[in-house]
Amino acid sequence: MAEQRHIDHVVFPIISIIFISLVSCYLCLPDQGSPYYNNNYLDQEGGAYGFDSPAYPSYFSTIEDDKFKLRAQILSFEKLGLTSSSSSSATVTTVSVDDFGGLGDGRSDDTQAFMKAWKQVCNSFPGAVMVVPEEKTYRVKPIRFSGPCKANNLTVQIYGTIEASDDRKDYKKDSSLWLVFDNVDNLMVQGGGIGTINGNGNIWWQNSCKIHKSLPCKHAPTALTFHQNNNLIVENLTIQDAQQMHVSFQKCTYVWASNLTITAPQYSPNTDGIHVTDTKHIYITSSTIRTGDDCISIVSGSQNVQVEDITCGPGHGISIGSLGAGKSKATVSGVLVNGAKLSGTTNGVRIKTWQGGSGYASNIKFQNIEMSNVTYPIIVDQSYCDQDKPCKEQSSAVQVKNVVYQNIKGTSSSKVAVKFDCSKNYPCQGVILQNINLEAEASGESVEASCNNVQETQIGVVTPSCT
């Protein structure tokens, strides 16, 4: 049923060896052992200014290291010869889910067809392609596409629609997951601009405790999860109406996510667009996200994250966190958000931590961002409390330090356009505001900054100002 094809224009050919070696060399900010993260270096360079050197203006160029730009070059299909113009050749196994009984009529259960197709491509060598044909809708139950695989390179081409079963009994085994790619290296999942993953989430939203307070709070599935994948590309795909989160990257390294369209109604609860956890060296670009929660959330264990050219809203903005829940230790470092447009969101760029946690959120930069009718365009909330009962005041906190806000403009729908609600015992350190121009959405109104327990420096015109 599988078809062997010798093709001249193949995705993920033997050049994957180059991919792996190049990303290993270039796709990173300075590591913890480099001079930029050495404590002695920070003390020497930053001590005279009252903040660590990564937040000093010289860090503006450091965090925009050419290594970030090389990421785009290294992973672009043109540079690697992975486009239709490639002259590379290899033998790959190409199968369609229809080869294994997939009907794609939008009613039948096509789960087994997907599982059989995956088994075939995963066990193929040297490379394989699994196709979900266009103009069809395949309804499936929870599926785990597991590795490791014999194939050196795997491509999943989603040209049709994959739709989730709306029978909640199908998720009894694990109610937190629907589609999972687990422990698969050198993987590309792409939609060709026409493919869709539909979480069919309405039945889950109706039974959410955030919609109906009388109902017990339960997990709902993440629509698409990537777990422990190395060298991963996800692109040109629509993910809509997730049961809960839309896309989650967990414990992945070297990830390229581009041209994603992620949508859900504004009222849909906990429907984060892209969730990044315990993941290193990830580049998210050229995507539109309109959901009921964070457009992008970056949580503990994540390092060297670049987010670029994002359209966000409605939703809760672009967030670092939440961090430190349940007195946990959390670490996030090396985050650059460059070029975003946020409209009608409850927050703009946000760092949120629970009281009682520990660890740090450091070396973070937000730059070249436009806000339109955003409730809190710039916010650090170290008293975050996402529960019905008030949270008890606690002395420990996740340390927020070395955060740069540069070239941010637009309008705020609230009086407080800039809000730093930092911990008394662990104040925010090394915060720089440069060229900030935020105005009231309503004509004739004014905005202000609320700044508590923050060590901040201003460069250029900053409106509104902490001082």
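Residue numbers (full-length UniProt numbering): 1 to 467.
Even for Gly, the Cβ is constructed at its ideal location relative to N, Cα and C.
Exposed unless 16 or more other CB atoms sit within 10 angstroms - verdict on residue i
i, result
"Gln-243", "buried"
"Pro-464", "buried"
"Glu-393", "exposed"
"Arg-139", "buried"
"residue 473", "Residue 473 is absent from the model: the chain starts at 1 and stops at 467."
"Ser-124", "buried"
"Arg-107", "exposed"
"Thr-222", "buried"
"Asp-105", "exposed"
"Thr-467", "exposed"
"Asp-174", "exposed"
"Glu-445", "exposed"
"Asn-186", "buried"
"Leu-237", "buried"
"Asn-363", "buried"
"Lys-327", "exposed"
"Lys-280", "buried"
Three-state secondary structure assigned by DSSP to residue i
i, result
"Ser-84", "With a pLDDT of 32 at Ser-84, under the threshold of 50, the modelled position of that residue is not reliable, and no figure is offered here."
"Asp-309", "strand"
"Tyr-171", "helix"
"Gln-243", "coil"
"Gln-303", "strand"
"Asn-202", "helix"
"Gln-455", "strand"
"Gln-157", "strand"
"Lys-119", "helix"
"Lys-341", "strand"
"Gln-406", "strand"
"Asp-99", "helix"
"Ala-397", "coil"
"Gln-367", "strand"
"Ala-151", "coil"
"Gln-112", "helix"
"Ala-164", "strand"
"Gly-348", "strand"
"residue 480", "Outside the shown range of the chain (1 to 467) lies residue 480, about which nothing can therefore be said."
"Leu-215", "coil"
"residue 494", "Nothing can be reported for residue 494, as the shown portion of the chain is limited to 1 through 467."
"Asp-105", "strand"
"Phe-125", "coil"
"Asn-230", "strand"
"Cys-209", "coil"
"Ala-442", "coil"
"Ala-361", "strand"
"Asn-186", "coil"
"Gln-73", "Only weak support exists for where Gln-73 lies, its pLDDT of 42 falling under 50; the coordinates are left without a value."
"Gln-434", "strand"
Closest Cα partner of residue i within the set the options
i, options, result
"Phe-181", "Asp-170, Ser-286, Gly-195 and Leu-154", "Leu-154"
"Pro-390", "Val-461, Cys-428, Trp-354 and Lys-218", "Trp-354"
"Asn-338", "Tyr-283, Gln-303, Val-299 and Ser-322", "Tyr-283"
"Phe-226", "Leu-215, Ile-274 and Ser-208", "Ile-274"
"Ala-397", "Gln-382, Thr-411, Tyr-405 and Gly-410", "Gln-382"
"Lys-218", "Leu-177, Asn-230, Met-115 and Gly-356", "Leu-177"
"Thr-331", "Tyr-171, Ile-310, Ile-298 and Leu-342", "Ile-298"
"Asn-183", "Val-418, Asn-207 and Gly-147", "Gly-147"
"Pro-377", "Ser-414, Ala-361 and Ile-262", "Ser-414"
"Lys-169", "Ala-220, Val-374 and Thr-375", "Ala-220"
"Ala-340", "Gly-356, Ser-372, Val-92 and Gln-458", "Ser-372"
"Ser-333", "Val-447, Ser-302 and Val-404", "Ser-302"
"Asp-98", "Thr-345, Gly-201 and Ala-117", "Ala-117"
"Ala-361", "Ile-351, Gln-367, Asn-368 and Glu-370", "Ile-351"
"Gly-359", "Lys-329, Pro-142 and Val-380", "Lys-329"
"Lys-141", "Lys-409, Gly-199 and Leu-336", "Gly-199"
"Ile-233", "Ser-258, Gln-250 and Leu-215", "Ser-258"
"Ser-287", "Pro-269, Ala-151, Leu-342 and Asp-278", "Leu-342"
"Thr-346", "Tyr-267, Trp-205 and Ala-325", "Tyr-267"
For residue j and residue i, believed in contact at Cβ under 8 Å, the rounded distance
i, j, result
"Gly-313", "Arg-290", "6 Å"
"Glu-235", "Ile-194", "About 13 Å; that fails the 8 Å criterion."
"Glu-441", "Ser-412", "6 Å"
"Gly-460", "Gln-429", "At roughly 21 Å, the Cβ-Cβ gap does not stay under 8 Å, so Gly-460 and Gln-429 are not in contact."
"Asp-294", "Asp-309", "At roughly 18 Å, the Cβ-Cβ gap does not stay under 8 Å, so Asp-294 and Asp-309 are not in contact."
"Ile-239", "Leu-224", "6 Å"
"Thr-161", "Thr-137", "4 Å"
"Pro-427", "Val-454", "6 Å"
"Val-95", "Gln-120", "5 Å"
"Val-400", "Ala-449", "Not a contact, Cβ separation roughly 16 Å."
"Glu-439", "Val-447", "6 Å"
"Leu-103", "Ile-143", "Contact flag wrong, Cβ pair sits at about 16 Å."
"Phe-420", "Cys-451", "5 Å"
"Gly-356", "Gly-324", "7 Å"
CB contact check: residue i to chain D, cutoff 8 Å
i, result
"Ile-239", "Among the protein chains of the structure shown there is no chain D, as only one such chain exists."
Exercise for the section: Determine contact between the segment 120-133 and the segment 210-221, defined as no fewer than three beta-carbon pairs at a distance below 8 Å. Expected result: No, the segment 120-133 is not in contact with the segment 210-221.
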